[in-house]
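As structure tokens, the structure follows; a few thoughts come after it.
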Amino acid sequence: MQANEVKSFLEGKLSETLLSVQVEVEGEGCNFQLNVISDELVALSPVKRQQSIYAHLNPWIADGSIHAVTMKFFSSAAWAERT
6 MQANEVKSFL EGKLSETLLS VQVEVEGEGC NFQLNVISDE LVALSPVKRQ QSIYAHLNPW
66 IADGSIHAVT MKFFSSAAWA ERT
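Residues 6 to 88 (this note's numbering) are what the sequence shown spells out, left to right.
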């Protein structure tokens, strides 16, 4: 599995329910680090944020395509300050 596959998949799925979302993915194979930029997700509790991502990744986790995921969430303003 490649980072660009995870990025495209998540952005497609999340954009179905969120107004604005950007996902930056690092890693390869079965270990990935996600930076999720969304003002809507940042407003949720940490558990709800992670659940919203895992809901889409669970099939890949179950079949072993993805083994480990680390997530960080940013508002669009916080991400702009960082880059």
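For each residue, glycine too, the CB sits at the ideal point set by N, CA and C.
Comparing alpha-carbon positions, the option among Val47, Gln55 and Tyr59 lying closest to Ser80 turns out to be Val47.
Membership of Val11 in the alpha helix (DSSP H) is indicated by the continuous run Ala8 to Leu19. Out of Leu24, Ile58 and Lys53, the CA that lies nearest to the CA of Leu39 is found in Ile58. Around Ser43, the same chain offers Leu23 and Val26 as residues with beta carbons nearer than 6 angstroms, after the five sequence neighbours per side are excluded. Around the beta carbon of Val74, a 10 Å sphere encloses 16 or more other beta carbons of the protein chains shown; the residue is thus reported as buried.
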